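Structure, as structure tokens:
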Amino acid sequence: MKKEELIRKWKGNKRYTLKFVDAMPEEDFDYKPISTVKSYQSQLSHITSWLHTHSRFVTDDTFAKAKLTSKDLIKTALEDFFDTFIEQLEQMTDEKLNETVDVWYGKRRRYEIANVIVNHLSHHRGQMVVYLRLRNVKPPSYLGW
Numbered sequence: 003m004k005k006e007e008l009i010r011k012w013k014g015n016k017r018y019t020l021k022f023v024d025a026m027p028e029e030d031f032d033y034k035p036i037s038t039v040k041s042y043q044s045q046l047s048h049i050t051s052w053l054h055t056h057s058r059f060v061t062d063d064t065f066a067k068a069k070l071t072s073k074d075l076i077k078t079a080l081e082d083f084f085d086t087f088i089e090q091l092e093q094m095t096d097e098k099l100n101e102t103v104d105v106w107y108g109k110r111r112r113y114e115i116a117n118v119i120v121n122h123l124s125h126h127r128g129q130m131v132v133y134l135r136l137r138n139v140k141p142p143s144y145l146g147w
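If you use the numbering used here, the sequence shown corresponds to residues 3 to 147, in order.
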């Protein structure tokens with residue numbers, strides 16, 4: 003994958019993910035369909051925390067732990083993450099993106115890890131589509147790259 007494609011992909015992920023923060027009304031942010039699953043807010047908190055911790059394998063940079071206790075704080079943390087991560091990708095050389103690093107699931111190239119992160123993000127956004135539908139909220143229309 004070319005660096006420009008990866009950056010375009012991440013810009014699209016930013017736009018699409020932030021639509022999920024905005025989609026759920028504030029009064030339903032703690033909604034969960036059944037007691038054994040995460041709430042909508044917990045889904046977004048998990049996404050944000052996971053992006054913060056897993057992106058270090060791509061960038062060698064660590065994000066500070068963010069307060070994720072409200073819709074506004076989660077949105078701000080996500081905006082900050084996406085802006086910083088995209089900027090870091092833009093500054094990376096192709097050589098660095100192709101470097102192999104150790105991750106708990108084996109040795110992977112940095113750009114591959116960036117794609118694993120997208121898969122995880124997509125998984126949770128898919129779950130949130132169901133939450134929104136169960137609250138009679140129209141989910142964001144799909145945005146590709």
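All C-beta atoms in this analysis are idealised placements derived from N, C-alpha and C, irrespective of residue type, glycine included. Predicted model only: the values in this text are computed from it and were never measured.
Going by Cα to Cα distance, which pick from the options is closest to residue i?
i       : options                          : result
Gly-146 : Lys-67, Asp-24, Arg-17           : Arg-17
Gly-14  : Asp-104, Val-120, His-125        : Val-120
Asp-82  : Val-60, Met-94, Phe-65           : Phe-65
Pro-35  : Asp-96, Leu-136, Pro-141, Thr-55 : Leu-136
Asn-138 : Thr-19, Pro-27, Lys-4            : Pro-27
Which residues in the same chain as residue i place their Cβ atom closer than 7 angstroms to its Cβ, once the five residues preceding and following it in sequence are excluded?
i       : result
Leu-8   : Leu-91, Tyr-113, Ala-116
His-122 : Trp-52
Asp-62  : none
With DSSP as the reference, label residue i as helix, strand or coil.
i      : result
Asp-62 : coil
Gly-14 : helix
From residue i to residue j, what distance separates their C-alpha atoms?
i       : j      : result
Pro-141 : Thr-78 : 21 angstroms
Ile-76  : Leu-70 : 5 angstroms
Gly-108 : Val-23 : 32 angstroms
Lys-73  : Thr-38 : 22 angstroms
Inset, instruction - Decide if the stretch 36–47 is in contact with the stretch 128–145; the criterion is three or more beta carbon pairs, one per stretch, under 8 angstroms apart. - result: The stretch 36–47 vs the stretch 128–145: in contact.
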